[in-house]
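The structure appears right after this line, and notes come after that.
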């Protein structure tokens, strides 16, 4: 990596944590300067605007999450095991310091839905990928007669993602992992009810 | 009501919608002036600070929600009917223009958890009340042998609230009520599984 590429990558990584904790509107140039150790010019040398940096920071966190899902799904062959891996990975991710500010999809969705069409579009694409991943697992399980044919794959995706995201919000609000654990236990039982042999 | 009380009430109502849509950090004095039709001095005549107004606006929306729950629960005697009323009321509230910006608990939790201890505390108290309302219904149903004795009332509260809030986030993100409907249908089936006769 060139020095410029290294600096750009350093800025993105540091800014990602700051945006995720403080929000887009709540992050000032001073916050970004403090986190990166760079002056304003040093940051804008690499990014055309605050938006440009915010997009790169969001993509960085989402790529990191996708990587974790991809690793967790490796070698998991049954639909049931794959759905369990999705739930376990979602919750395990929140133990990583990178997601100290919570889930970037949730945070950015809430902030951008009425205010920032560019960021909202970014989150929609990311959420589409997450929903598609879950729905594909359900369809695969239905094809293999492992999951109930009566299931609506899109509904399963909404239920899994909504429950996980809502419980992340509650645990962050209270600084108490109990809500994550309750929701995880509920979802593992829910996954069992999706199976033909349940 | 005195003229001062009427003006104060008008400011709170208008500001509540703005804060809920744009967020606390995302709301400027210009936004508040445009929404209320008042000058800065006219607003600060009634509120000591932006925080002071934000607290009053949050309380206004939460009181409105509590009122809706209270009305919906009237005459609902069984625990099952009461839990259904909670779910139906949560989703029905989002058809009211007042909640155009989404759920104030969710929005304020996400924004304040890492940034604004005063607002976060306000949301914690509100969330405590919501959780307590659900847990009390579960305990009442257990006492009457209507709901399974094995249930953890706090877990039921987390599952209901997390699923509802996560689906509100998804529906707002896409501008698509499908996610609300999927989550609602799931929760109605979930409530059935809590019953002794399920």
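Residue numbers (our numbering), protein chains in the order written: chain A, 1 to 198; chain B, 1001 to 1198. Ideal Cβ positions, reconstructed from N, Cα and C, are used throughout, including at glycine.
Using three-state DSSP, classify residue i as helix, strand or coil.
| i | result |
| --- | --- |
| residue 1098/B | helix |
| residue 1105/B | helix |
| residue 147/A | strand |
| residue 62/A | helix |
| residue 113/A | coil |
| residue 76/A | coil |
| residue 1219/B | In the structure displayed, chain B extends from 1001 to 1198; residue 1219/B sits before or after that span and is not available. |
| residue 118/A | helix |
| residue 7/A | helix |
| residue 90/A | helix |
| residue 1069/B | helix |
| residue 1026/B | coil |
In chain B, which residues lie with their C-beta within 7 angstroms of the C-beta of residue i?
| i | result |
| --- | --- |
| residue 146/A | Those within 7 angstroms of residue 146/A in chain B number zero; the least Cβ separation is about 20 angstroms. |
| residue 124/A | 1173, 1174 |
| residue 256/A | Nothing about residue 256/A can be reported from this structure: the residues present for chain A run from 1 to 198 only. |
For a contact meaning CB atoms closer than 8 angstroms, what does residue i contact in chain A?
| i | result |
| --- | --- |
| residue 1021/B | 114, 115 |
| residue 1010/B | In chain order: nothing, as chain A lies at least about 22 angstroms away. |
Can you list the residues of chain A that residue i reaches, using a CB-CB cut of under 7 angstroms?
| i | result |
| --- | --- |
| residue 1026/B | 25, 115 |
Which residues in chain A sit within 9 angstroms of residue i, going by Cβ to Cβ distance?
| i | result |
| --- | --- |
| residue 1000/B | Past the edges of chain B, shown from 1001 to 1198, lies residue 1000/B, and the structure says nothing about it. |
Name the chain B residues whose beta carbon is nearer than 8 angstroms to that of residue i?
| i | result |
| --- | --- |
| residue 179/A | 1158, 1162 |
Looking at chain E, is there any beta carbon in it that lies within less than 8 angstroms of the beta carbon of residue i?
| i | result |
| --- | --- |
| residue 1186/B | Of the protein chains in this structure, namely A and B, none is chain E. |
Check your understanding: Which residues, in chain order, does the stretch 1149–1172 of chain B contribute to contact with chain A at a C-beta distance below 8 angstroms?
Key -> 1152, 1154, 1155, 1158, 1159, 1161, 1162, 1163, 1164, 1165, 1166, 1167, 1169, 1170, 1172
**Study point:** Residues of the stretch 124–144 of chain A whose Cβ lies closer than 7 angstroms to any Cβ of chain B, in chain order
**Key:** 124, 127
Check your understanding: Between the stretch 104–115 of chain A and chain B, which residues of the former have CB atoms less than 7 angstroms from a CB of the latter, in chain order?
Key -> 106, 107, 109, 110, 111, 113, 114, 115
Practice item. Could you pull out every unbroken alpha helix (DSSP H) segment of at least 4 residues lying fully inside the stretch 128–196 of chain A, listed in chain order? Key: 153–174, 178–193
Point to revise | Residues of the stretch 1077–1103 of chain B whose Cβ lies closer than 9 angstroms to any Cβ of chain A, in chain order | key: 1100, 1101, 1102
**Study point:** Completely contained alpha helix (DSSP H) runs for the stretch 1031–1059 of chain B, where each covers 4 or more residues
**Key:** 1040–1044
Check your understanding: Of the residues that make up the stretch 31–59 of chain A, which ones have a beta carbon closer than 7 angstroms to any beta carbon in chain B?
Key -> none
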